[in-house]
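Position 18 (the sequence shown) corresponds to 17 in numbering that gives the first Met the number 0; numbering is contiguous.
Beta carbons are placed, not taken as given, at the ideal position from N, Cα and C, and that holds for glycine.
No experiment lies behind these values; they were computed from the predicted model shown.
The structure appears right after this line, and notes come after that.
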Amino acid sequence: MRRIHRRRKLQARDFGINSIRLMSVNISTVVFDLGGVLIDWNPRYLYRQLFEDEERMEWFLANICTPEWNAMQDAGRSFEAATRELIEQHPEHEEDIRAYYTRWHEMLAGPIQGTVEILREIRDSPYRLYALTNWSAEAFPVARQRYDFLEWFEGIVVSGEIGMIKPDLEIFEHLAQVYDIVPRESVFIDDVPANVNTAREAGYHAVRFATPDQLRTDLDALGVKLNESPPEIK
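Next up, the structure:
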């Protein structure tokens with residue numbers, strides 16, 4: 000069934016904790032990040048099982064299996080290559096390094112329910128709905144199987160599948176091109192400040208996610224009305 004999209008216009012105001020400034024906004028599309036917004040992912044959920052000492056665990060994640068190292072897999076490098084290269088550099092940590100991807104699924108705590116409810120309300124409204132995520136191509140199928148709400152999106156851009164990664168500008172341009180999205184009519188939601196800043200550079204109305212309640216407030220400020228039924232299709 001074809002979805003009818005309705006645009007909304009607001010006058011200039013300053014809104015919410017993110018100081019969203021609107022001159023004239025017509026919102027047709029909402030784009031979500033996944034990890035940290037809809038899905039509670041954190042390597043500490045795994046490594047607290049492997050380290051008895053919190054300080055040692057934090058040192059390991061800051062110096063061995065770092066966010067920068069993980070980002071290379073989100074950008075397309077294979078688990079095998081990443082694990083092999085890191086073990087060559089730190090052979091004394093081989094077991095813990097291997098656990099990062101052999102037990103990767105244990106880093107997923109579950110959905111962030113308040114945000115999933117907002118997603119459901121947007122799904123049932125006239126807006127177009129997409130996701131843009133930094134996620135390894137090898138790991139993302141696990142998320143697809145685990146979280147049914149990923150089927151609610153009209154399209155999902157996965158960084159590891161295309162060899163681009165946030166916060167690089169090109170991935171936002173890719174999203175717009177592939178799905179015929181008009182950035183100035185779109186809201187992008189992410190928990191990482193650098194990603195939010197680049198989205199704004201690309202022309203999107205961007206909201207930094209902190210809590211579901213804050214997100215609901217900021218979406219309302221942008222004119223994204225929830226709890227509404229789509230218009231009847233005649």
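Nearest-angstrom Cβ-Cβ length linking residue i and residue j, presumed shorter than 8 Å
i      : j      : result
THR114 : LEU214 : 7 Å
VAL206 : ILE188 : 5 Å
ALA74  : GLY162 : 6 Å
TYR129 : TYR178 : 6 Å
Assigned exposure category for residue i - 16 Cβ within 10 Å defines buried
i      : result
THR197 : buried
ASP32  : buried
TRP255 : Only positions 0 to 233 of the chain appear in this structure, which leaves residue 255 out of reach.
LEU174 : buried
THR210 : exposed
ALA108 : exposed
ARG145 : exposed
Where residue i falls: helix, strand or coil (DSSP)
i      : result
THR132 : strand
ASP95  : helix
SER158 : helix
ARG127 : strand
THR197 : helix
ILE86  : helix
PHE50  : coil
ASN25  : strand
ALA81  : helix
LEU107 : strand
Limits of the unbroken beta strand (DSSP E) element including residue i
i      : result
ARG207 : 204-207
PHE139 : Where PHE139 is concerned, there is no enclosing beta strand (DSSP E), although the alpha helix (DSSP H) it sits in stretches over 139-145.
TRP40  : 38-40
ILE188 : 185-189
Own chain residues within Cβ distance below 6 Å of residue i, not counting five before or after
i      : result
GLU120 : LEU225 and ASN226
Residue range of the unbroken alpha helix (DSSP H) whose run includes residue i
i      : result
ILE117 : 112-122
TRP58  : 53-62
VAL177 : 168-178
ASP219 : 211-220
ASP73  : 66-73
Neighbourhood of residue i by C-beta distance below 7 Å, restricted to the same chain and skipping five residues each side
i      : result
LEU49  : ASP95 and ALA98
ASP190 : ASP32, GLY35, VAL36, ARG207 and PHE208
GLU93  : ILE86
Proximal residues to residue i (C-beta, below 8 Å), its chain only, five neighbours per side dropped
i      : result
PHE148 : LEU37, PRO110, VAL115, LEU118 and ARG119
MET56  : ARG43, TYR46, ARG47, LEU49 and PHE50
LEU259 : Absent from the structure is residue 259, since the part of the chain shown begins at 0 and ends at 233.
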